[in-house]
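Chains as they are written, first to last, in the numbering used here: chain A, 1 to 237; chain B, 1 to 172.
Even for Gly, the Cβ is constructed at its ideal location relative to N, Cα and C.
(1) Quick one, which of 168(B), 88(B) and 34(B) has its alpha-carbon nearest residue 9(B)'s?
(2) Assign residue 83(A) to buried or exposed, taking buried as 16 or more other Cβ atoms, counted over all protein chains shown, within 10 Å of its Cβ.
(3) So residue 52(A) contacts chain B; which residues on that side make the cut at Cβ distance below 8 Å?
(4) So if I threshold CB-CB distances at 8 Å, which residues from the stretch 71-89 of chain A count as touching chain B?
(5) Determine the chain B residues that contact residue 34(A) at a beta-carbon separation under 9 Å, and present them in chain order.
(6) For residue 89(A), which option in 59(A), 193(A) and 3(A) has the closest C-alpha, if you only look at C-alpha atoms?
(7) Are at least three pairs of beta-carbons, each pair with one atom in the stretch 173-183 of chain A and one in the stretch 199-207 of chain A, less than 8 Å apart?
(8) With a threshold of 7 Å on Cβ separation, who are the neighbours of residue 68(B) within its own chain once the five nearest residues in sequence on each side are excluded?
(9) At 7 Å on the CB atoms, spell out the chain B contacts of residue 205(A), in chain order.
(10) Fully enclosed by the stretch 2-49 of chain A, which beta strand (DSSP E) runs are 3 residues long or longer?
(11) State yes or no: is the beta carbon of residue 108(B) nearer than 9 Å to at least one beta carbon in chain A?
(12) Any idea if residue 201(A) is buried or exposed, counting beta-carbon neighbours within 10 angstroms, 16 or more meaning buried?
(13) At a Cβ threshold of 9 Å, is residue 199(A) touching chain B?
(14) For residue 64(B) and residue 41(B), I'd like the C-alpha separation in whole angstroms.
(15) What's the gap between the Cα of residue 154(A) and the Cα of residue 126(A)?
(16) Please list, in chain order, the residues of the stretch 113-132 of chain B that have any C-beta partner in chain A closer than 7 Å.
(17) Residue ranges of each beta strand (DSSP E) run of no fewer than 3 residues wholly in the stretch 104-164 of chain B, ordered along the chain?
(18) If we require 4 or more residues per run, which alpha helix (DSSP H) segments fall completely within the stretch 160-214 of chain A?
(19) Got a sec, what are the start and stop residues for the beta strand (DSSP E) residue 85(B) sits in?
Okay, here's the thing in structure tokens:
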């Protein structure tokens, strides 16, 4: 019986690996493809906020989104970052007041462990990165976002990776939009570089021509994903 | 004299610690340069810094005041005639949106100094002046506010339209 199980495992394992590999490349290929038809009229959104101007830039995009399409909205910020969620809460509150919709219906606010605090040692940051990734996975499984918006804070990378893993496993599909911060003029941020190089972002926006040239030079075939939008939008309210 | 009262220079370091900037604006050289340009008050938001500038009051010279944090920094910016700021994108764009003349001072002690990229690019486009703590006095003496080009804030609509199109939503 034990031997049979081992033999069965020997057959099943390669098949499983092959299926996963095929699925992996299918997801990679499909990620950059626009939807030809609308599958849903309302999309669950994961909006990643972060300090250092990221939240202000992101809220500028959120205010422009069609709220009836992009709902419910799940805002996520680092555990140590109190300001960002507060800004989002103020905005969502103003929406409730102007539309009369019930509170807590369309907006949710969550916090996530940070992979690394400024000045943290390298050794301990391995453990905290692992913790942050597991937490990100848990959040993505709970939210099961259909759309993810991020613009570069460190917390967005584990969240996007988790969403990608869910795609490969067939547990959910999400379109990831990465809008690089306006503060990045010549070089992508680390999160941006990783999400771009690993082809995890479905659509990748940069705001300066210098960056567009860099992306074009690095890999020609993803040019369609790198839309040049200089001085897109920025406010610090 | 009444008009002089309203010429305030507001210095902000945001939530950072940027003693080099506070020291620079507190130096006799920079204060003299500001006086020569016709400014009467110097208000310093010093954030987490440990260097405390000396408060000066009296009509004869540049009046200096300081505080660490305030929820109403926007009001300070609104009433200022000139803003001297750290290179954080939040402070930069808040000041530009208010249409205030701005000198951005880059903190050279920061490890990952991508912030200078933004300040330098916007300085090249003549939306602001860019300086280092040690060149601030020189920048103030040489600056000509007439050469500044007003900043037009960008619009998120094109991005949102592209996102909608990608998701298959009809784009109006």
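So, from the data block:
(1) Locating residue 9(B) in the second chain gives position 9, where the first residue counts as 1. Answer by Cα proximity: 34(B).
(2) For this step, residue 83(A) is matched to residue 83 along the first chain. So residue 83(A) ends up on the exposed side.
(3) As a working mapping, residue 52(A) is identified with position 52 in the first chain. The answer, in chain order, is 88, 89 and 90.
(4) none
(5) As a working note, residue 34(A) is residue 34 in the first chain. Here the neighbours are 165, 166, 167 and 168.
(6) Here residue 89(A) refers to the residue found at position 89 of the first chain. With distances taken between Cα atoms, residue 89(A) lies closest to 59(A).
(7) yes
(8) Locating residue 68(B) in the second chain gives position 68, counting from the first residue. Hits under 7 Å: 46 and 47.
(9) Working through the first chain from its first residue, we reach residue 205(A) at position 205. Those within 7 Å of residue 205(A) in chain B are 159.
(10) 45-48
(11) In the second chain, counting from the first residue as 1, residue 108(B) sits at position 108. It does not; no Cβ of chain A falls within 9 Å.
(12) Looking up residue 201(A) in the first chain gives position 201. Its Cβ being crowded by 16 or more others within 10 Å, residue 201(A) is buried.
(13) By 1-based counting over the first chain, the position of residue 199(A) is 199. For residue 199(A), the answer is no, since every Cβ of chain B falls outside 9 Å of its Cβ.
(14) Indexing the second chain from 1 puts residue 64(B) at position 64. Indexing the second chain from 1 puts residue 41(B) at position 41. In a straight line, the C-alpha of residue 64(B) is about 6 Å away from that of residue 41(B).
(15) Sequence index remark: in the first chain, residue 154(A) carries index 154 (1-based). Sequence index remark: in the first chain, residue 126(A) carries index 126 (1-based). If you take the alpha carbons of residue 154(A) and residue 126(A), they lie about 14 Å apart.
(16) Taking 7 Å as the Cβ-Cβ cut-off, the stretch 113-132 of chain B approaches chain A at 114, 115, 117, 118 and 121, given in chain order.
(17) 129-131
(18) 190-197
(19) In the second chain, the residue the question calls residue 85(B) occupies position 85. Here the beta strand (DSSP E) through residue 85(B) covers 82-85.
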